[in-house]
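Since the structure comes first, as structure tokens, the remarks are kept for the end.
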Amino acid sequence: MQDFTAELAALRIRLNEAFNYLRISEQLERRVALEIEMADPELWNDQDRGRRVQKDLSGVVEDLDFHSDLAQRLEDADTLAEMAAEEGDESLDGEIVDAVADLSTRLDALEVRSLFSGQYDEGDAVCHV
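Residue 0 is where the sequence shown starts when you use numbering that gives the first Met the number 0, and the numbers rise one by one after that.
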């Protein structure tokens, strides 16, 4: 029976860091504000504003859903590791290893994605070498 405590703790730390750099608390508030704005019947009188609000809401929802999915996957892996430890069941080790690897990969992708979430990161750039 393999001990996954350290790996899962490290993933939890990374997920908590993601909570901070994604500003999840602020994003939750922003989601509510954007949903209220989307419900405004006058929103689409200005097409550009409507598209901008819709795009902003989509990005916020995507970030919140991604973080929530990671939190749920980590919770599932924690539960599975606890069950395996309590029962001394080595047959679950492979599944836990896969879950830890998947979470690590997803957190890597989230960390890279967060590097390109600034104000100007969506725009085009011309680089000469």
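All residues carry an ideal CB built from backbone N, CA and C; glycine is no exception.
Enclosing alpha helix (DSSP H) for residue i [first to last residue]
{"i": "F115", "result": "Premise fails: F115 is in no alpha helix (DSSP H) and is neither H nor E."}
{"i": "M0", "result": "Where M0 is concerned, there is no enclosing alpha helix (DSSP H), given that its DSSP letter is neither H nor E."}
{"i": "G151", "result": "Residue 151 lies beyond the residue range present for the chain, which begins at 0 and ends at 128; the question has no answer from this structure."}
{"i": "E36", "result": "I23 to A38"}
Nearest neighbour of residue i, chosen from the options [CA to CA]
{"i": "R112", "options": "S67, I12, L91 and A17", "result": "A17"}
{"i": "A9", "options": "E81, D77, E86 and G93", "result": "D77"}
{"i": "L114", "options": "Y20, H66, D2 and Q1", "result": "Y20"}
Sequence-distant residues of the same chain with beta carbon closer than 6 Å to residue i, five excluded per side
{"i": "R30", "result": "V59"}
{"i": "A83", "result": "L91"}
Spatial neighbours of residue i in its chain, beta-carbon cut-off 7 Å, leaving aside the 5 residues before and after
{"i": "A38", "result": "none"}
{"i": "D55", "result": "L33"}
Rounded Cβ spacing between residue i and residue j (contact assumed at less than 8 Å)
{"i": "R7", "j": "L106", "result": "At residue 7 the sequence reads Leu, which differs from the Arg that was named. Their Cβ separation, rounded to whole angstroms, is 12 Å, which puts L7 and L106 out of contact at 8 Å."}
{"i": "L79", "j": "A98", "result": "7 Å"}
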